[in-house]
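There are 2 protein chains.
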Amino acid sequence: MRWLAQVCEYWPLKRLAAITDADVEAVLKSYPGTGAAAGGPASWRGAGDKLPGHGQTGRVILAGSGPGHPDLLTRATYKAIQTADIILADKLVPAGVLDLIPRRTPVSIARKFPGNADRAQEELLEQALDGVRAGKTVLRLKQGDPFIYGRGGEEVAFFREKGLGDCVVVLPGITSSLSAPLFAGIPPTQRDVADQVLVCTGTGKKGKAPQPPEYVESRTVVFLMALHRIEGLVAELTAYTDEEEQRAREGRSQTEEAEAAQTPSHQQPGKRRTLWPLNTPCAVIERASCPDQRVIRTTLRFVAEAIEQEGSRPPGLLVVGRACEALYTPEKGRSWAVEDGFKGLDLDVESGVGIGGVGIAGMA
Amino acid sequence: MRWLAQVCEYWPLKRLAAITDADVEAVLKSYPGTGAAAGGPASWRGAGDKLPGHGQTGRVILAGSGPGHPDLLTRATYKAIQTADIILADKLVPAGVLDLIPRRTPVSIARKFPGNADRAQEELLEQALDGVRAGKTVLRLKQGDPFIYGRGGEEVAFFREKGLGDCVVVLPGITSSLSAPLFAGIPPTQRDVADQVLVCTGTGKKGKAPQPPEYVESRTVVFLMALHRIEGLVAELTAYTDEEEQRAREGRSQTEEAEAAQTPSHQQPGKRRTLWPLNTPCAVIERASCPDQRVIRTTLRFVAEAIEQEGSRPPGLLVVGRACEALYTPEKGRSWAVEDGFKGLDLDVESGVGIGGVGIAGMA
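Those protein sequences? They're chains G and E, same order as listed. Using our numbering, the first residue of the first sequence is number 1, and each one after it goes up by one. Using our numbering, the first residue of the second sequence is number 365, and each one after it goes up by one.
Here it is as structure tokens:
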């Protein structure tokens, strides 16, 4: 019954509760070799479908749904949700966003589970292709922004290969890589503190560690897909890898090595990759903009220990750099601080609740 | 009459046409020393004002308006525009966004002109403070995202110093640094092409050149505030500065120098800053998401010449990295290509016009 657990995990309760026998039938039929009609998957053929005109081409709207809160959708994506003929959503599109889809609109949610991501992606793209060729407006709804680790570029390329490049519209979304810091009260660029922000991944291709970014004092770095290997990542940021050590030994004289040993390695500009000081402020931000948002504020020295002790609540990301303390002053003697809950998006003037600040404790 | 030219440049025609004698009176009165009532500027006291209750505290919503197109507002910011008691907008907030403001809502637009930015910022903050203390909901509307070069962090700090930190809500916006590449069909991260994106400024503090970011093959770099000094920027990216040359000479033996001369400098990992190859693809994107959007696609070798010949249409930014050619294949023998016009946000199904693709010519 692993599939049942996965369905329960990925689909919101409201959607599960609304499933009918016909839906189940359609989903089962959509799997290859189980009796699906020739011409493609049938799961999205719902009651609201219009009969397309002959020779009419539809279009694909590739849109980002933002980090979680439905009010963080752009107006353009919201309009697309309201008007699309079919919606093909990625697994991680937040429930609050899915709730905005009109009941008449057929929705497919990617069947992405570990080891199946590529196949699930192909399946959605084939469904989208069928829809466009049938003259429909297909909304490919992705989390965050479609071009920031969203495989959006691959989808554009796919439709071009099919001669349908002109039918694709791409809409940006609020990316969690920049909005999660914002909701944690961290301005990634702040005068006199940070003048640049690097968004990168903590996990490389095939799980291999990517080349760690060098330390730049005025840089804020946002690491996505990094929390499950936080200890390794911190080690790479704050010390040379074995490979680097070897390269350095080969390229430098003994005298230089001896000299280097006298000064902290991150103070040798231009020699090797500049290392991140262990006292660099950082923050782990999980489920940004959702009611169960959590922020752990600490430094590179303690972040792995903090995550080990506090546990992990994916999805989350790591922000590193002095900007983490631009609006936050850590309490002396504490290795880390945990802030639970999301404050600061409820604009409902009538309710008067949940207004709060940007959710920052411990300020100066 | 320089002030008149500036007003005409910064304010949309619709707003200018709607100005009444009373508005002019109020604006003039709001300047210090010209008869403003004690208790602060009067320019935002419009017809829609409610009388605040005694002791009631309002709030400040610090929100980003996105890159230009009004449909790129988030739903949260749109709601804030519809419900705020007062709106204090930055100069560059797009006209299409200002048009969404209800007529009853008093609006101030920052009087930022060269040499006056800090004073204009202070003025807006003081107006906001008066509004909050009077129990009003004040919307500080900024272009793009308030925490990406938007001075948003400084504004949060300002209200905290006044003991009003809890009254501040920060809303993210679509930043042009990531959406301009998207609208030019450039996915800043694309599998097998780029796994990281760096947003930085091409102009440092007090006009000084910032330290140029080193070359990383899998990195996309977005340079803001760079086009007016494009030649200098390209020189810094593709060759060592005099200072670096000197530092290198002091730190290396003549033998090493001689060896280094044999291999291209960007192929020497770990020695000095890695330089950007001149054939690195890049794109200049101006007025992203606006009807007069323009994209110039070229390489670092030709970008300065291209801008010189084609002219500059601010605001614009420079994107550098292999991602610029992820969905675009340059025409052989051409040094650069210019694409005019914005395609790809009109979701009005009825009109059926302006749908287009992501605006990419010359694709493979």
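C-beta atoms are modelled at their ideal positions from N, C-alpha and C, and glycine is treated no differently. Keep in mind the model is a prediction, meaning the values are calculated, not measured.
A Cβ-Cβ separation of about 18 Å leaves E/SER429 out of contact with E/PRO470 under the 8 Å criterion.
Contact annotation for E/GLN554 against chain G: GLY153 [CB-CB distance below 7 Å, chain order]. At a cut-off of 8 Å between beta-carbon atoms, G/PRO291 makes no contact with chain E.
None of the residues of the stretch 106 to 135 of chain G has a beta carbon lying less than 7 Å from any beta carbon of chain E. The beta carbon of G/GLU214 lies closer than 6 Å to those of ARG273, THR274 in the same chain, with the five residues before and after it left out.
E/GLN610 and G/ALA248 have their alpha carbons spaced roughly 22 Å apart.
When Cβ-Cβ separations below 8 Å define contact, E/ILE538 makes contact with chain G. When secondary structure is reduced to three states using DSSP, G/SER335 falls in the coil class, being assigned neither helix nor strand.
For the stretch 415 to 446 of chain E, the residues whose beta carbon sits under 8 Å from a beta carbon of chain G are, in order, ARG423, ILE425, GLY430, HIS433, PRO434, ASP435, LEU436, LEU437, THR438, ARG439, ALA440, TYR442, LYS443, ALA444. In this structure, the straight-line span from the alpha carbon of E/PRO574 to that of E/GLY566 is close to 7 Å. The residues ALA687, ALA690, in chain order, have a CB closer than 7 Å to that of E/GLN554 in the same chain once the five nearest residues on each side in sequence are set aside. One thing to note: E/GLY514 has its Cβ no nearer than 8 Å to the Cβ of E/VAL585.
At a cut-off of 8 Å, the C-beta of E/PRO551 has a neighbouring C-beta in chain G.
Residue-level contact by beta carbon holds for E/ILE512 and chain G, with a gap shorter than 8 Å. The Cβ of G/VAL197 sits closer than 8 Å to at least one Cβ of chain E. Taking the C-beta atoms as reference points, G/GLY207 is found no nearer than 8 Å to G/VAL132. With fewer than 16 other Cβ atoms inside 10 Å of its own Cβ, E/PRO678 counts as exposed. From the beta-carbon of E/ALA690, the residues of chain G found nearer than 7 Å are GLY153. Per DSSP, the continuous alpha helix (DSSP H) segment holding E/ILE445 begins and ends at 439 to 447. Neighbours of E/LEU542 in chain G, taken as residues at a C-beta separation under 8 Å, are given in chain order as ASP145, PHE147, ILE148, PRO172, THR175, LEU178. Listed along chain G, no residue sits closer than 7 Å to E/CYS646 by beta-carbon distance, the nearest being about 17 Å off.
Burial state of E/THR662 is buried, judged by a 10 Å Cβ sphere holding 16 or more other Cβ atoms. A Cβ-Cβ contact shorter than 8 Å links E/LEU601 with E/LEU664. About 15 Å separates the CB atoms of E/ILE649 and E/LEU597; that is not less than 8 Å, and the two are not in contact. Counting of Cβ neighbours within 10 angstroms places G/THR77 among the buried residues, the total reaching 16 or more. In the DSSP annotation of this structure, E/PRO645 is not part of any alpha helix (DSSP H); the continuous beta strand (DSSP E) holding it starts and ends at 645 to 650. Looking at the DSSP output, E/ALA427 shares a beta bridge with E/LEU505, E/LEU535.
The beta carbon of G/THR175 sits closer than 6 Å to those of GLY144, ASP145, ILE148, all from its chain and outside the five residues before and after it, given in chain order.
Neighbours of G/ALA157 across chain E, judged by C-beta separation under 7 Å: LEU691. When DSSP states are grouped into helix, strand and coil, E/GLN673 belongs to the helix group. About 5 Å separates the Cβ atoms of G/ILE61 and G/ALA80, confirming a contact at the 8 Å cut-off.
From the listed residues G/HIS69, G/PHE223, G/SER177, the smallest Cα separation to G/GLY96 is found for G/HIS69. Chain G places no beta carbon closer than 8 Å to that of E/LEU452, leaving this residue out of the contacts.
For G/ILE230, there is no enclosing beta strand (DSSP E); the residue is part of the alpha helix (DSSP H) that begins and ends at 230 to 238.
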